[in-house]
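For the sequence shown, position 241 matches number 320 in the working numbering, and the numbering has no gaps at all.
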Amino acid sequence: MQVPAYVEYERATTVEHALTLLARFGPEARILAGGHSLVPMMKLRLAQPETLIDINALTELAYVRLADDGSELCVGAMTRHAELLDATVAGKYFPILHDAERVIADPVVRLWGTVGGSLCQADPSEDLSAAFAALKATMVIVNLAGRRTVPARQFHTGPYETVVAPGELLAEIRVPIVPGGGSAYEKVGRRVGDWPIAAAGAAVWLTAGAGGSGGSPPGKRSGGSLPRASTAGTIAAAGIGLTAVGAEHFSAAQAEEFLAGAPATDETLIRAGQIAAEHCRPVSDQRGPADYKRHLAAELTTRALRRAVGRASRAS
Ligand SMILES: Cc1cc2nc3c(=O)[nH]c(=O)nc-3n(C[C@H](O)[C@H](O)[C@H](O)COP(=O)(O)OP(=O)(O)OC[C@H]3O[C@@H](n4cnc5c(N)ncnc54)[C@H](O)[C@@H]3O)c2cc1C
80 MQVPAYVEYE
90 RATTVEHALT
100 LLARFGPEAR
110 ILAGGHSLVP
120 MMKLRLAQPE
130 TLIDINALTE
140 LAYVRLADDG
150 SELCVGAMTR
160 HAELLDATVA
170 GKYFPILHDA
180 ERVIADPVVR
190 LWGTVGGSLC
200 QADPSEDLSA
210 AFAALKATMV
220 IVNLAGRRTV
230 PARQFHTGPY
240 ETVVAPGELL
250 AEIRVPIVPG
260 GGSAYEKVGR
270 RVGDWPIAAA
280 GAAVWLTAGA
290 GGSGGSPPGK
300 RSGGSLPRAS
310 TAGTIAAAGI
320 GLTAVGAEHF
330 SAAQAEEFLA
340 GAPATDETLI
350 RAGQIAAEHC
360 RPVSDQRGPA
370 DYKRHLAAEL
380 TTRALRRAVG
390 RASRAS
């Protein structure tokens, strides 16, 4: 059995303590959350931190709740996958999160793996990155000087890389709640509990009269250009997240643009899937050939959009 190389170990008791430890031990220190990604990488010598800073005692970062003014869903970085799956409030406002969590790994991994660990691992096949990209979430990063917020689509800077700098922690993910929204996640893997061959998440906001009550969709709050049409069945805005197919920032911006203001017909949703697939850059690997992944990107985007539109219509 492989064992990790020698490593110092510190157990943080508060967020401030964790940040102080990160500052003390410098860039060769790594946060240990659930350890489901980090420890296997250490065994393979793909990661060789000098110090592990264990944040499992930080229950202050383990929650799924509404913001005080009810405008956002707040998910603490130390929330376990299983806790997000169990959180009624998450499923009520964003069923995409429950769709995704149901197909992430297996119950054992979900019991201990964390939302923050998944996002910070930044695996190009990671499911929640696509789900939060579709929802146009915001990441809250803390350091000893305070906190900063980063849009989900600017959080990942490349495979296994994020904007979280040495000395910083991902603390929370915030998702704006806008009336008229519906969301869904679709994944194809080689077997139950496996990483995706490809997966797509969709969030749509319908205009008033289309089943939604027409709030301002995320990213369109200040002077944004909502479509004028208030025709029944019109998509005001959409978010599409893709994973494992080389989509830029885990999203499909061109397909989202195409959908804004378009009628929510099946023809539109199929075309959006095609556009999303056209802008992916999948690579062939042990999970499947690139052309199959591109095919899945189109098909799964369309399926996720169909379910998201259906849910948005029923939500009103
Ligand atoms: C068998 C198996 C199957 C899996 N299948 C899937 C799947 O189908 N889909 C999927 O998306 N994932 C899958 N995963 C990945 C799993 O979801 C992640 O391994 C896990 O959730 C990562 O979270 P963690 O808490 O274990 O992170 P850790 O392994 O503890 O940390 C991962 C990285 O993030 C950093 N980090 C952790 N938390 C923070 C924080 N708050 N701030 C800053 N940096 C932080 C760590 O330093 C490390 O670099 C699978 C994993 C396994 C073992």
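By construction, the Cβ of each residue, glycine as well, lies at the ideal position given by its N, Cα and C atoms.
With a cutoff of 7 Å, residue 274 counts as near ligand 1, since its C-beta is closer than that to a heavy atom of the ligand. Residue environment: residue 243 is assigned as buried (16 or more neighbouring CB atoms within 10 Å of its CB, all protein chains considered).
Nearest in C-alpha terms to residue 101, of all of 118, 129, 214, is 129.
With 16 or more neighbouring CB atoms inside 10 Å of its own CB, residue 264 falls in the buried class.
Closest in C-alpha terms to residue 320, from the list 283, 253, 340, 343, comes 283. In the structure shown, the three-state DSSP call for residue 191 is helix. Remark: the C-beta of residue 112 is in contact range of ligand 1, defined as less than 7 Å to any heavy atom. Closer than 7 Å to some heavy atom of ligand 1: that does not describe the Cβ of residue 364.
Per DSSP, the unbroken beta strand (DSSP E) holding residue 151 starts and ends at 151-155. Three or more Cβ pairs drawn from the region 359-372 and the region 324-340 lie within less than 8 Å of each other, which places the two stretches in contact.
Residue burial annotation: residue 271 is exposed, with fewer than 16 other C-beta atoms found within 10 angstroms of its C-beta.
Cβ-Cβ separation between residue 355 and residue 376: approximately 6 Å, consistent with a contact (criterion under 8 Å). Runs of alpha helix (DSSP H) with 4 or more residues, each lying fully within the region 90-173, are found at 94-104, 117-122, 160-165, 167-172, listed in chain order.
Taking 3 residues as the shortest admissible run, the region 195-222 contains the following complete beta strand (DSSP E) segments, listed from N- to C-terminal end: 217-222. Per DSSP, residue 265 lies in no alpha helix (DSSP H) segment; the continuous beta strand (DSSP E) that holds it begins and ends at 260-268.
For residue 371, the three-state secondary structure derived from DSSP is helix. Where residue 320 is concerned, the enclosing beta strand (DSSP E) starts and stops at 314-322. Between the alpha carbons of residue 214 and residue 126 lies a distance of about 31 Å.
Relative to the Cα of residue 97, the nearest Cα in the group 83, 112, 85 belongs to 112. Per DSSP, the continuous beta strand (DSSP E) segment holding residue 277 begins and ends at 275-285. For the pair residue 151 and residue 276, the CB atoms are not nearer than the 8 Å cut-off. Rounded to the nearest whole angstrom, the C-alpha separation of residue 385 and residue 350 is 12 Å.
Each of 90, 140, 108, 147 was checked against the Cα of residue 133, and the nearest Cα belongs to 90.
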